[in-house]
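What follows is a short report on a single structure.
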Amino acid sequence: LRHGDPMARALVSRTLRRVCVPLVDMLHRWVYEGELDDPHGEFFVTDVTLTDQGSHGASGLFSTRGRGSTPFVDRDAMTWNGRHELVEALIPRFLPRPLAHQLLVLGKALHFMRQSCGDAQWVTAAANKRSSTSSSSRSVSQSPPTSYNGWSVSEVWVGELRVLAAEGKATHDRLVYLMMEKFHLRTHLSALKKFLLLGQGDFVAVLMDALREELNKPASELHRHSLEGIVDGALRNSNAQYELPEVLERLGVKLLLAQQDIGWEIFSLDYKVEAPLTSVITKASMVIYRQVFHLLWRLKRADMLLGGTWRLHMMSAKMQMAKRLPRLSATLHDANLVRNRMWHLFQNLSNYMMFEVLEESWTMLESKLDSAKDLDDLIAAHEDYLQTVKSKALLSAEL
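Numbering (this note's numbering), first residue to last: 34 to 432.
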């Protein structure tokens, strides 16, 4: 395009304009509607949930390498992360990679809103508005001139695509609004903190008292339906009853597969989420929630057992056991000292977890949620929150 011979430059420009018509059509469909129309595997965005039947070669301005085959992946198991990806070998050489990534994310957002958020009407309306008010790169591909005010065709395309990517802010704002307001992401994250991270203190106290007898049984004798009934009773007998019905109906019980343990070791609360929330609250994040839950659950159980031991000591003191059995006096005194030291340790550890770990991390998460500009920011904020909690709780594998 920068050849010194005007005839050679004109020939290359005309050729480029013609061969890029399919690319422009596919790009137009992707960035305006979030639809991937690529029957021959020529576009630089791919859907990894589809099966490729082999390599699709590319030549000239694109690449000499093909896309390669992609194994089939369950489409329903993927929402945002990992479904659409850039094919580095098929990115046009005149298209900067950062801009290609912006176009990928813009199309992903539109596709996600249409398929997972049920907001196809807004996507269609926005596409019609942008098509009528902005200069489309489709018009450049179909116009006869070989240059525009001294700029080459490819430079004009890239300039228009930069403008289009910048205008995608409205799309990202809409998606963040849907996640936060329509699907109540903050509410569900708060519910996970209250229940799986045991932030709802009165509910936890009622639940542990109600479950004590049941969880003392061997794991093989436990039944999920009976435990779920106890959890429902604890919800009704605590301030958790005032949570939204949508939150309460998602709370359940999960039992680990360990038949040789007692109930305390395999019991866990569970919280069910569906798409599009699963793009943020993934299965991997639920594993971390359960890891932290088991740590906090053990701390609460230790505190409960120490409380029971304290009551026994108070009863022995009231009954003047030391006077009746003088030979036990020193033993009871030592046991009381050990219990006090253990209680002091568990109280400090519990306070550290609840305030310095969970509350500080939650405050940082809320700040990041408020400043999120797109769905990737929401996902990153939640992942950082969980990794911070896991690290401060000394549950990281590196420790």
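For glycine and all other residues, C-beta sits at the position ideal for the given N, C-alpha and C. Remember, predicted model here, so these are calculated numbers, not experimental data.
- In this structure the stretch 330–341 lies against the stretch 237–254, because at least three pairs of beta carbons, one per stretch, are closer than 8 Å.
- Secondary structure at residue 71: coil, using DSSP grouped into helix, strand and coil.
- For residue 119, no alpha helix (DSSP H) segment is defined; the enclosing uninterrupted segment is the beta strand (DSSP E) at 117–119.
- Residue 325 and residue 426 do touch by the CB rule: their CB atoms are close to 6 Å apart, below 8 Å.
- For residue 285, DSSP records a beta bridge to 303.
- As summarised for the stretch 308–359, the continuous alpha helix (DSSP H) elements at least 4 residues long and confined to that stretch are 316–351, 354–357, given in chain order.
- The way I'd put it, the stretch 290–302 doesn't touch the stretch 191–208; fewer than three beta-carbon pairs between them come closer than 8 Å.
- In terms of Cα proximity to residue 214, the closest of 364, 382, 403 is 403.
- DSSP places residue 125 in the coil class of the three-state scheme, outside both helix and strand.
- In the structure shown, residue 396 falls within a helical segment according to DSSP collapsed to helix, strand and coil.
- Straight across, the Cα-Cα distance linking residue 160 with residue 237 is about 49 Å.
- Residue 79 carries a strand assignment under DSSP once its states are collapsed to helix, strand and coil.
- For residue 138, the enclosing alpha helix (DSSP H) begins and ends at 130–148.
- At a Cβ-Cβ threshold of 8 Å, residue 415 and residue 310 do not count as neighbours.
- Within a 10 Å sphere around the beta-carbon of residue 234 sit fewer than 16 other beta-carbons, which makes this residue exposed.
- With distances taken between CA atoms, residue 251 lies nearest to 291 out of 216, 422, 307, 291.
- Scanning 267, 308, 272 for the CA closest to the CA of residue 286 turns up 267.
- A distance below 8 Å separates the beta carbons of residue 143 and residue 66.
- Per DSSP, residue 151 lies in no alpha helix (DSSP H) and is assigned neither H nor E.
- The closest CA to that of residue 218, considering only 279, 198, 257, is found on 279.
- Residue pairing by DSSP puts residue 251 in a beta bridge opposite 295.
- Residue 419 sits close to residue 318, with the two beta carbons spaced by under 8 Å.
- In the DSSP assignment, residue 61 falls within the alpha helix (DSSP H) that extends over 54–66.
- Inter-residue distance for residue 151 and residue 212 is about 12 Å (C-alpha atoms, whole angstroms).
- Of 282, 272, 275, the smallest CA-CA separation from residue 262 is found for 282.
- With a cut-off of 8 Å on Cβ pairs, the stretch 112–129 is not in contact with the stretch 388–397, counting fewer than three such pairs.
- Look at the stretch 368–424 and you find these whole runs of alpha helix (DSSP H), each 4 residues long or longer: 393–403.
- Cα atoms of residue 80 and residue 41: separation of roughly 37 Å, rounded to the nearest angstrom.
- Residue nearest to residue 223 within the set 348, 322, 140 is 322 (criterion: CA-CA distance).
- Under the 10 Å beta carbon count, residue 48 is surrounded by fewer than 16 other beta carbons and is classified as exposed.
- Per the coordinates, the alpha-carbon of residue 255 lies some 8 Å from the alpha-carbon of residue 248.
- Within the model, the alpha-carbon separation for residue 289 versus residue 259 is close to 16 Å.
- For residue 210, the enclosing alpha helix (DSSP H) has its first and last residue at 202–210.
- For the pair residue 232 and residue 400, the Cα-to-Cα distance works out to about 19 Å.
- About 6 Å separates the beta carbon of residue 78 from that of residue 137, a gap short enough to meet the 8 Å contact definition.
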